[in-house]
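Be aware that the sequence shown starts at 6, since it is given in this note's numbering, and climbs by one per residue.
Note that CB positions come from ideal geometry on N, CA and C, so glycine has one too.
Please read these numbers as outputs of a predicted model, since none were measured by experiment.
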Amino acid sequence: MAQPRGPAGASFSDRIFEFYHEFYGPQAYTNPEASLNIRNRMATGVSLQPPLDAGLIDFVRSRGVSLMVDPASRLRKDFMPSAAAAQQKAIEELAGREGIGKVVWNVMPEWDQSGGDWVPEGRPRYANFTRDQAYARFVGFYAANYPALKTAFGRPAAERNYWTAAITDYSPNVFYAYEMGADICLLERSIDELGDVSTGIAFTRGAGRQYDRHWGLDISTYRTSNDMATRFDGREVLLGGWSPSYLKRHYFIGYMAGAHMIRNEATGYYKNATQLDPFGRITREFSDFALTRHPDLGRASVTTALMMSHTAGFDPKHWLYLQQDAVWYQDLPYSDGDRMINQFFRLAYPNHWLHGLTPGAPFNDTAGRPNTRGFQSYLARGGDPRPFEPMATTRYGHSMDVITDRAPADALRNYKVIILLGDVAIDARMREALTAWVDGGGTLVISAGQNTGFDESFLGLRLEGAKKSATISTWISDGSTTREAPFSYIPASVATASILATADDAAALLTANAVGSGRVIVSTAPYLQTAAHDQMLSVGTRLFDWLAEQNSIARIDGSPVEYLVNESPSRVTVTVANNSGEPWTGSVILPDRGDVMAVRELTGELDVPWTRKSEGIRAAGVVPAYDVKVFSVEFAPR
Numbered sequence: 006m007a008q009p010r011g012p013a014g015a016s017f018s019d020r021i022f023e024f025y026h027e028f029y030g031p032q033a034y035t036n037p038e039a040s041l042n043i044r045n046r047m048a049t050g051v052s053l054q055p056p057l058d059a060g061l062i063d064f065v066r067s068r069g070v071s072l073m074v075d076p077a078s079r080l081r082k083d084f085m086p087s088a089a090a091a092q093q094k095a096i097e098e099l100a101g102r103e104g105i106g107k108v109v110w111n112v113m114p115e116w117d118q119s120g121g122d123w124v125p126e127g128r129p130r131y132a133n134f135t136r137d138q139a140y141a142r143f144v145g146f147y148a149a150n151y152p153a154l155k156t157a158f159g160r161p162a163a164e165r166n167y168w169t170a171a172i173t174d175y176s177p178n179v180f181y182a183y184e185m186g187a188d189i190c191l192l193e194r195s196i197d198e199l200g201d202v203s204t205g206i207a208f209t210r211g212a213g214r215q216y217d218r219h220w221g222l223d224i225s226t227y228r229t230s231n232d233m234a235t236r237f238d239g240r241e242v243l244l245g246g247w248s249p250s251y252l253k254r255h256y257f258i259g260y261m262a263g264a265h266m267i268r269n270e271a272t273g274y275y276k277n278a279t280q281l282d283p284f285g286r287i288t289r290e291f292s293d294f295a296l297t298r299h300p301d302l303g304r305a306s307v308t309t310a311l312m313m314s315h316t317a318g319f320d321p322k323h324w325l326y327l328q329q330d331a332v333w334y335q336d337l338p339y340s341d342g343d344r345m346i347n348q349f350f351r352l353a354y355p356n357h358w359l360h361g362l363t364p365g366a367p368f369n370d371t372a373g374r375p376n377t378r379g380f381q382s383y384l385a386r387g388g389d390p391r392p393f394e395p396m397a398t399t400r401y402g403h404s405m406d407v408i409t410d411r412a413p414a415d416a417l418r419n420y421k422v423i424i425l426l427g428d429v430a431i432d433a434r435m436r437e438a439l440t441a442w443v444d445g446g447g448t449l450v451i452s453a454g455q456n457t458g459f460d461e462s463f464l465g466l467r468l469e470g471a472k473k474s475a476t477i478s479t480w481i482s483d484g485s486t487t488r489e490a491p492f493s494y495i496p497a498s499v500a501t502a503s504i505l506a507t508a509d510d511a512a513a514l515l516t517a518n519a520v521g522s523g524r525v526i527v528s529t530a531p532y533l534q535t536a537a538h539d540q541m542l543s544v545g546t547r548l549f550d551w552l553a554e555q556n557s558i559a560r561i562d563g564s565p566v567e568y569l570v571n572e573s574p575s576r577v578t579v580t581v582a583n584n585s586g587e588p589w590t591g592s593v594i595l596p597d598r599g600d601v602m603a604v605r606e607l608t609g610e611l612d613v614p615w616t617r618k619s620e621g622i623r624a625a626g627v628v629p630a631y632d633v634k635v636f637s638v639e640f641a642p643r
């Protein structure tokens, strides 16, 4: 669709992708690299700071690119109403000029960081608070200290000719950025202090869908562990930051996951006036793929929503200082519900908790932490950083979004499965919405311990009596048994539900109740975890695998990788990101939809061998170490 000048009518469903490059400092548009990147078709927009002078305006208009206006360097801590109003007026005038396309006001860059300009006197603390109280203090801090945000975000989209943006650091806060009024939220990724890209996409894409807004990624090439952004010497030896391979995989993962925008933070792209450095070359390679050769590969296939409490404050574990069993900036210890969330993410996104760490690196100190100078020295000697840039694999691909218990009914219709995670409390409005959604064909997964309030007729059973203990689970359909770590379950009186799995005394452990065209699955084991609350039950893993098999449109056969699936009426595309140091050899398997017109790998535009089996179409795939490939199967139109 054509991109509107302003955000009125803009929706999550818009099929658009933009790529912005930041150039830092006043009059940064004079940086020769800004012109070269546009000339080389490496970006669709630039991200610049005031002053919005004649030179900046001419730069944007003469090149036909979009503009993101970043705050002046001090504006974040001097964001008073008068200053915000003046900037808003300047943005309106700029967006109204003839020849200026899309203008984005970056109102809140890195607004939720643990320290820095937005919280110069320190982040509010939440110890001994409830989750609801922590949420109230968090959002109240911004309302009290930055009243101009209400003015900046308060004008209705239909009355604006510009967009508003927020760049968020911590995954759970993307919902609050949209709640404040941002038209688009970008989640900052790849810096080691913040979380991984895989779980981050689940949060940000889910929030974008929940609020029906655009979403994206802000890519930082800075790495705290070596105190440098990505940079090379004259021999193209990496001196600091992240490897081009690592950043390339972030590009492709974000794009294929459906991001509306990727923004590069300020970084160098050239080794001299005309020659790109290795980072510049992978940026041009990605731009050629996404902006020129394959601007539309269909929609990301997302089958499942993970519904969490709106006030959970749960951020997946990562880096050195966010490994504690705690939420809300590590101030509140995990509840049993939080442990369920953590265990599920460990299952669905293995190794995500290693993001930012350098396991086994020769430059680590005796405590296993990277020594900054040692890291820099290792790189300067030509050391390979890629083994020390861990990324997740994806058990279920990128098939899941995180949404909250404040999602509107319309948002639920995008999913086939909704899993309630953690201490989610279902109020009357959400009960009504979920009941209608299940009746229409959805599968809802609930665990004992969650405060859902559903009728027994909806669940198909009644939980009653004191907890009992067990160590065996049995999957009824094939009779297979598994010895579990000791776990508890609540005895159930089963009415209309069928039993999927039992505990060791043949008591109902997992049940499924038909409701209309859908079903409700109930776990009588609280939070589907062991009595020690330290791991998910094996029968829970079996359940989630079973649901994924029923609902996915493609799967991977081979060693674990990170993968994404995209779908259009006549094409299925599977992106495989190999985050390991060994080449990946495997197969992409998808249902047979009729006559196959072509099977190709799209980054290299090469034909791929394939066979038709009883299970469907099986395409052979090879992905080199630390690389990404995109496999496409085209069918004859029906």
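Can you tell which of the options has its C-alpha closest to the C-alpha of residue i?
{"i": "residue 644", "options": "603, 321, 155, 103", "result": "The structure shown does not extend to residue 644, since the chain spans only 6 to 643, so no value can be given for it."}
{"i": "residue 601", "options": "637, 569, 567, 620", "result": "637"}
{"i": "residue 303", "options": "26, 72, 381, 579", "result": "579"}
{"i": "residue 182", "options": "492, 166, 210", "result": "210"}
{"i": "residue 605", "options": "577, 188, 131, 54", "result": "577"}
{"i": "residue 335", "options": "319, 347, 138, 523", "result": "319"}
{"i": "residue 624", "options": "593, 618, 394", "result": "593"}
{"i": "residue 538", "options": "63, 51, 456, 490", "result": "490"}
{"i": "residue 220", "options": "256, 251, 226, 179", "result": "179"}
{"i": "residue 297", "options": "40, 436, 46", "result": "46"}
{"i": "residue 696", "options": "129, 188, 150", "result": "This structure gives no information on residue 696, because the portion of the chain shown stretches from 6 to 643."}
{"i": "residue 357", "options": "584, 100, 54", "result": "584"}
{"i": "residue 328", "options": "342, 360, 340, 370", "result": "360"}
{"i": "residue 239", "options": "60, 280, 391", "result": "280"}
{"i": "residue 345", "options": "533, 619, 551", "result": "533"}
{"i": "residue 102", "options": "76, 131, 53, 71", "result": "71"}
{"i": "residue 410", "options": "561, 223, 212, 133", "result": "212"}
What did DSSP end up calling residue i once you bin it into helix, strand or coil?
{"i": "residue 645", "result": "Since the first residue of the chain shown is 6 and the last is 643, residue 645 is not available in this structure."}
{"i": "residue 463", "result": "helix"}
{"i": "residue 421", "result": "coil"}
{"i": "residue 43", "result": "helix"}
{"i": "residue 34", "result": "helix"}
{"i": "residue 256", "result": "helix"}
{"i": "residue 396", "result": "coil"}
{"i": "residue 275", "result": "strand"}
{"i": "residue 145", "result": "helix"}
{"i": "residue 503", "result": "strand"}
{"i": "residue 17", "result": "coil"}
{"i": "residue 384", "result": "helix"}
{"i": "residue 107", "result": "coil"}
{"i": "residue 613", "result": "coil"}
{"i": "residue 225", "result": "coil"}
Once the 5 residues before and after residue i are set aside, which same chain residues still bring their CB inside 6 angstroms of it?
{"i": "residue 467", "result": "461, 498"}
{"i": "residue 69", "result": "none"}
{"i": "residue 241", "result": "283"}
{"i": "residue 232", "result": "377"}
{"i": "residue 379", "result": "368"}
{"i": "residue 112", "result": "157, 169"}
Pop quiz: residue i and residue j are said to be a contact at Cβ under 8 angstroms. What is the actual Cβ separation, rounded to whole angstroms?
{"i": "residue 195", "j": "residue 247", "result": "6 angstroms"}
{"i": "residue 429", "j": "residue 312", "result": "6 angstroms"}
{"i": "residue 173", "j": "residue 154", "result": "No, residue 173 and residue 154 are not in contact; Cβ-Cβ is about 14 angstroms, not under 8 angstroms."}
Could you tell me which residues DSSP puts in a beta bridge with residue i?
{"i": "residue 537", "result": "None; residue 537 has no bridge partner."}
{"i": "residue 603", "result": "639"}
{"i": "residue 468", "result": "497"}
{"i": "residue 408", "result": "312"}
{"i": "residue 305", "result": "571"}
{"i": "residue 634", "result": "581"}
Under 8 angstroms Cβ to Cβ from residue i, same chain only, skipping five residues before and after it: list those, please.
{"i": "residue 156", "result": "86, 89, 90, 93"}
{"i": "residue 258", "result": "202, 203, 206, 403, 567, 569, 580, 582, 633"}
{"i": "residue 444", "result": "520, 521, 522, 523"}
{"i": "residue 613", "result": "604, 605, 606, 624, 625, 626, 636"}
{"i": "residue 470", "result": "495, 496"}
Among residues of its own chain, excluding the 5 on either side of residue i, which ones have a beta-carbon nearer than 7 angstroms to its beta-carbon?
{"i": "residue 271", "result": "27, 28, 29"}
{"i": "residue 393", "result": "363, 366"}
{"i": "residue 163", "result": "13"}
{"i": "residue 506", "result": "478, 479, 480, 481, 514, 515, 544"}
{"i": "residue 64", "result": "34"}
{"i": "residue 66", "result": "104, 105"}
{"i": "residue 458", "result": "431, 436"}
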